[in-house]
Amino acid sequence: MDKVLIIDDNKQNCEIIKDLLYAWGYCVYLAFDGFDGFKLATRVNPDVILLDVMLPGMNGFETCKKLKETEETENIPIIMLTVLNEIEDKIRGYNVGADIFLSKPIVYQELKNRIAWAIKSKRVFDNMEQIDNVTLSLLNIIRLKDTNIYLHCKDVKNYCEKVGKILSLNDYEMKQLIIGAYLHDIGKIFSNTSLEHVEIGENIVSDLNMYKWLKVFIRNHHEKMNGNGFPDGLKSSEMSQNLKILITVNRFIELLDELKDSEASIFKLSDECEKGEFSIEIIKAIRQVLEDERFIERINYN
Numbered sequence: 001m002d003k004v005l006i007i008d009d010n011k012q013n014c015e016i017i018k019d020l021l022y023a024w025g026y027c028v029y030l031a032f033d034g035f036d037g038f039k040l041a042t043r044v045n046p047d048v049i050l051l052d053v054m055l056p057g058m059n060g061f062e063t064c065k066k067l068k069e070t071e072e073t074e075n076i077p078i079i080m081l082t083v084l085n086e087i088e089d090k091i092r093g094y095n096v097g098a099d100i101f102l103s104k105p106i107v108y109q110e111l112k113n114r115i116a117w118a119i120k121s122k123r124v125f126d127n128m129e130q131i132d133n134v135t136l137s138l139l140n141i142i143r144l145k146d147t148n149i150y151l152h153c154k155d156v157k158n159y160c161e162k163v164g165k166i167l168s169l170n171d172y173e174m175k176q177l178i179i180g181a182y183l184h185d186i187g188k189i190f191s192n193t194s195l196e197h198v199e200i201g202e203n204i205v206s207d208l209n210m211y212k213w214l215k216v217f218i219r220n221h222h223e224k225m226n227g228n229g230f231p232d233g234l235k236s237s238e239m240s241q242n243l244k245i246l247i248t249v250n251r252f253i254e255l256l257d258e259l260k261d262s263e264a265s266i267f268k269l270s271d272e273c274e275k276g277e278f279s280i281e282i283i284k285a286i287r288q289v290l291e292d293e294r295f296i297e298r299i300n301y302n
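Sequential numbering from 1 applies to the sequence shown in the UniProt record's numbering.
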């Protein structure tokens, strides 16, 4: 049963919301000031916190800040309840880590939807934390088996992440892209042949919970947007933006390893782009990454 902590000094409001939450199937905890609310949150680890702004002693903003600065509670979604409608108050709340604002008097259907959304988001985040541990374990296996493959995967990841930021990927897309870039060549630790390494890589991760979205990065990182890649001959319309980033960056790193020169590699990649193999938008983003790197080098040199 999902747990909701209500922190509100109005006991009557607490009881009303508590009864609703019970009816909606939640386990409910109550606290009537910020200090007790913080202590209770660290003890029961709720899935979401409903936090009133106007609290005695440590107010809602201060309580939110303390919760978000504490390791045990920093990832718990916080829904702030307030009669304050000034934009400055909402900005202040977001600045201390509030996830959602609800105005009083509360619309109960909106509250129900917001709690469900917050808990769903937390589950995604918690799952990503578990995925991080699995990813690090697999990366260590790659590193121990073949340092060159490990370094290639790191380079692809670094450029994918920078390109993803330029192209404004959301946090969830970015997380998947980073993990996919790290693990795309995992099959090469057992076979270096073109087709076999993608099939082996896919088999390695097939029992993982993240297999459903990870497999495309491992299986299809040698595709080309004109359909001339392998193993499935995917075309641009069949590819996600994340996969387009990976195949373009992966090819750039391959050229960089071969030519040892970033400008020559971009020039060659642009030629291949004219054949419809890769995305001009992503190549422009790689150029921007290279320009940023050169700018930083000049600053450090001076």
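Backbone N, C-alpha and C define an ideal beta-carbon position, used for all residues, glycine too.
These numbers come from a predicted model, not from an experiment.
D47 by DSSP, collapsed to three states: which one?
coil
Own chain partners of K215 with C-beta closer than 6 Å, once the 5 adjacent residues on each side are dropped:
E202
Per the contact definition of three or more C-beta pairs closer than 8 Å, is the stretch 255–262 in contact with the stretch 166–177?
no
Identify, in the order they occur along the chain, each residue of the same chain with its Cβ nearer than 6 Å to the Cβ of I115, setting aside the five sequence neighbours on each side.
If we look at I115 and ignore the five residues flanking it on each side, its Cβ neighbours are V48.
Rounded distance between the beta-carbons of A23 and K7, thought under 8 Å:
The question names Lys, but residue 7 in the sequence shown is Ile. Not really, about 20 Å apart at Cβ, beyond 8 Å.
Length-filtered (4 minimum) alpha helix (DSSP H) runs lying within the stretch 105–157
108–145
By the 10 Å Cβ neighbour count, where 16 or more other Cβ atoms means buried, how is N209 classified, buried or exposed?
exposed
Contiguous alpha helix (DSSP H) assignments of at least 4 residues, all confined to the stretch 247–294
262–274
Give the C-beta separation of Y182 and T248 to the nearest angstrom, bearing in mind that I take them to be a contact with Cβ-Cβ under 8 Å.
Contact doesn't hold; Cβ gap of about 17 Å is too wide.
Here's a check: name, in chain order, each residue in its chain whose Cβ is nearer than 6 Å to the Cβ of T82, leaving out the five neighbours to either side.
V53
Opening and closing residue of the alpha helix (DSSP H) in which Y26 lies:
Counting along the chain, Y26 falls outside any alpha helix (DSSP H), and DSSP gives it neither H nor E.
Contact between the stretch 228–237 and the stretch 186–199: three or more CB pairs below 8 Å?
yes
Can you have a look at N279 and say buried or exposed, based on whether 16 or more other CB atoms are within 10 angstroms of its CB?
Reading off the sequence shown, one finds Ser at residue 279, where the question assumed Asn. Looking at its Cβ environment, which holds 16 or more other Cβ atoms inside 10 Å, S279 is buried.
Identify which residue in S270, H221, E254 has its Cα closest to the Cα of L246.
H221
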